[in-house]
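In UniProt numbering, the protein residues as written are 1 to 178.
This is the structure in structure tokens:
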């Protein structure tokens, strides 16, 4: 007996489908799909969440100084003339950043192997490239989802049966994060 469901697809199609559904499950919190797909998505999603729960606090906070160009009220860079050339003026700014440990960095990269990149488009700019934002799902996993499940040992998802699908009669379910 195979260790996974083939879902009537080639391996590349199956991997793409499952990656897409796991990405959408983490982004939206719940998705509607068939029973067999949901059971496969659950396997992958639970592993990713367990990995992020394990590594959620494995970082240190570091203060870093950074050179940032000075800007005017309109957002343009402030320039001064030095030896006949216009040169941008810079100021030093201190920032606090999270420095991941080696195991947390490895976990991030393992999660990135599964999740697709997601772009968020504001409602008023639908259909335009302007103002699209890249959503960092790995940060969402580590900062929002992992703390929620910190005291839980597995069972991060729930499958709720909805009944047969209208077109082909396939059993539909909702899979959601608990």
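No residue lacks a Cβ here, since even glycine has one placed at the ideal position from N, Cα and C.
{"Check": "Near residue 20, which residues of its chain fall below 7 Å by C-beta distance, leaving aside the five closest residues on each side in sequence?", "Outcome": "116"}
{"Check": "Select from 127, 34, 69 and 2 the residue whose C-alpha is nearest the C-alpha of residue 159.", "Outcome": "34"}
{"Check": "In terms of residue numbering, what span does the beta strand (DSSP E) encompassing residue 144 cover?", "Outcome": "Unbroken run through residue 144: none, as it is neither H nor E."}
{"Check": "Could you check where the beta strand (DSSP E) with residue 30 kicks off and where it finishes?", "Outcome": "30 to 34"}
{"Check": "Express the C-alpha separation of residue 132 and residue 5 in angstroms, rounding to a whole number.", "Outcome": "36 Å"}
{"Check": "Below 8 Å, can you find three or more Cβ-Cβ pairs linking the segment 141 to 153 to the segment 164 to 172?", "Outcome": "no"}
{"Check": "Roughly how many angstroms lie between the CA atoms of residue 14 and residue 8, to the nearest whole one?", "Outcome": "8 Å"}
{"Check": "Can you list, in chain order, the residues of its chain with a C-beta nearer than 6 Å to that of residue 65? Leave out the 5 residues immediately preceding and following it.", "Outcome": "92 and 94"}
{"Check": "Counting pairs of beta carbons, one from the segment 63 to 79 and one from the segment 36 to 49, are three or more of them closer than 8 Å?", "Outcome": "no"}
{"Check": "Taking 8 Å as the threshold (C-beta atoms), are residue 156 and residue 104 in contact?", "Outcome": "no"}
{"Check": "If you run the structure through DSSP and keep just helix, strand and coil, what is residue 177?", "Outcome": "strand"}
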